[in-house]
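Report on one structure; see the data block that follows.
In this note's numbering, the protein residues as written are 22 to 116.
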């Protein structure tokens, strides 16, 4: 079974409040075995548009990645994120 990944590009509008999202999302990440491969850090945009933060989160499989996103724990955190940041968010199955 192929692993799956959240691929998220984020522009934070309110840096003071954004940590509330990270704190609120932690229970979902722990519950579904999320493993962060990329979390912010330096990057170089080679083509197309970009955002300030790039995140790649690995999950055991597509069903787990989708379940984490749909979970009540993550949906509560998502509501906080949407108040303080703009994001492009997709779930992709690994090769």
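Glycine is no exception: its CB is placed at the ideal position from the N, C-alpha and C atoms.
Looking at the structure shown, is residue i part of a helix, part of a strand, or coil, going by DSSP?
i, result
"residue 50", "helix"
"residue 79", "strand"
"residue 64", "coil"
"residue 94", "helix"
Which residue or residues does DSSP assign as beta-bridge partners of residue i?
i, result
"residue 58", "Answer is none; residue 58 lacks a bridge partner."
"residue 28", "77 and 111"
"residue 106", "33"
Ignore the nearest five residues each way along the sequence and tell me which others in residue i's own chain have a CB closer than 7 Å to its CB.
i, result
"residue 105", "33, 34, 35, 38, 39 and 42"
"residue 101", "41, 42 and 45"
For residue i, does the count of other Cβ atoms within 10 angstroms reach 16, so buried, or fall short, so exposed?
i, result
"residue 64", "exposed"
"residue 84", "exposed"
"residue 7", "Any property of residue 7 remains undetermined from this structure, which presents the chain solely from 22 to 116."
"residue 55", "buried"
Among the options, which residue has its Cα nearest to the Cα of residue i?
i, options, result
"residue 119", "111, 91, 114 and 107", "The question about residue 119 has no answer, for the chain in this structure spans 22 to 116."
"residue 51", "79, 61 and 68", "79"
"residue 57", "82, 77 and 94", "77"
"residue 62", "68, 74 and 69", "74"
"residue 23", "82, 95 and 96", "82"
Grab me the residues of residue i's own chain with a C-beta within less than 6 Å of its C-beta, minus the 5 sequence neighbours each way, in chain order.
i, result
"residue 111", "28"
With a CB to CB cut of under 8 Å and the five nearest residues on each side skipped, what residues in its chain are close to residue i?
i, result
"residue 108", "29, 30, 31, 32, 72 and 102"
"residue 88", "53"
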